[in-house]
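Numbering (the working numbering), first residue to last: 4 to 256.
Glycine residues also receive a C-beta, built at the ideal position from the N, C-alpha and C atoms.
Note sheet for the following structure.
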């Protein structure tokens with residue numbers, strides 16, 4: 004069995020209990036060394052064989068998995084954040100399917116949630132934004148034409164932009180082209196939940212300048228939307244004038 008495990012956003016105590024237990028029982032761990040907090044490896048046993056996938060190809064990773072599985076060893080593929088978001092797991096699972104090897108996925112806390120916790124923000128406040136777009140800017144890896152930043156920006160909803168901290172000038176231009184005002188609030192969150200976490204509050208129009216001033220060009224999320232403003236909205240859930248299944252309105256509604 005191969006277990007894909009979400010390492011969480013960075014802090015060692017933000018891995019799930021299931022993920023921690025899988026690390027503790029693993030015979031082999033293949034971890035994304037360029038992104039995963041190496042302190043998570045402290046959960047591994049002394050006998051565990053550990054591979055850093057930062058310098059490995061897909062074929063090399065699969066070869067380790069296949070050989071370890073043949074020996075009856077428990078393998079953990081430790082991925083950053085949650086494996087389902089930009090985790091490149093589809094190609095790994097496809098190869099395991101070809102080899103007839105079973106695998107499972109253990110979800111993790113995405114860095115987007117770590118970033119929002121750092122910002123002390125809610126992505127979906129009522130009457131401000133009820134949708135979240137998770138995307139990235141086009142770089143060496145293309146994106147579908149219908150999912151360009153300018154196209155998605157036309158919705159003017161909350162956006163969480165991954166893998167784009169080195170392209171802030173392009174991101175800013177595309178967001179404004181799509182419909183965001185230049186003064187729309189934005190944030191750069193570098194290494195959310197890590198000890199060297201850095202938060203830069205800025206605007207869409209000043210993204211590039213803010214990134215340069217703070218020397219942020221990788222390992223950061225760009226988060227955009229009016230939810231970052233103090234807009235004073237309130238949900239109906241705890242509104243005394245609102246009746247629902249578990250509570251009647253104080254006003255008899």
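Item	Value
Close-in-space but distant-in-sequence residues of the same chain around residue 229 (CB under 6 Å, 5 per side omitted)	131
Helix, strand or coil at residue 114 according to DSSP, with G and I counted as helix	helix
Helix, strand or coil at residue 162 according to DSSP, with G and I counted as helix	strand
Other residues of its chain near residue 94: CB distance less than 7 Å, five sequence neighbours each side excluded	61
DSSP bridge partner residues for residue 174 (one or two, in chain order)	In the DSSP output, where bridge partners are listed per residue, residue 174 has none listed.
Sequence-distant residues of the same chain with beta carbon closer than 7 Å to residue 172, five excluded per side	211
Distance between residue 17 and residue 188 (C-alpha atoms, nearest Å)	28 Å
Enclosing beta strand (DSSP E) for residue 107 [first to last residue]	106 to 109
Spatial neighbours of residue 121 in its chain, beta-carbon cut-off 8 Å, leaving aside the 5 residues before and after	192, 195, 196, 200, 202
Helix, strand or coil at residue 93 according to DSSP, with G and I counted as helix	helix
Range covered by the beta strand (DSSP E) that runs through residue 232	Segment: none, residue 232 is in no beta strand (DSSP E) and carries neither H nor E.
Meets three-Cβ-pair contact criterion under 8 Å: the region 146 to 165 and the region 215 to 228	yes
Nonlocal neighbours in the same chain, by C-beta distance under 6 Å from residue 204, ignoring five residues either side	190
For residue 204: DSSP bridge partner residues	190
Beta-carbon spacing of residue 140, residue 83 below 9 Å	no
Residue 4 versus residue 52: straight-line alpha-carbon distance, rounded	16 Å
Cβ shell of residue 117 (< 6 Å), same chain only, five flanking positions each side left out	12, 195, 196
Bridge-paired residues (DSSP) for residue 34	55, 81
Nearest-angstrom Cα separation, counted from residue 37 out to residue 157	34 Å
Cut-off 6 Å between Cβ atoms - residues of its own chain near residue 76, not counting five sequence neighbours on either side	30, 31
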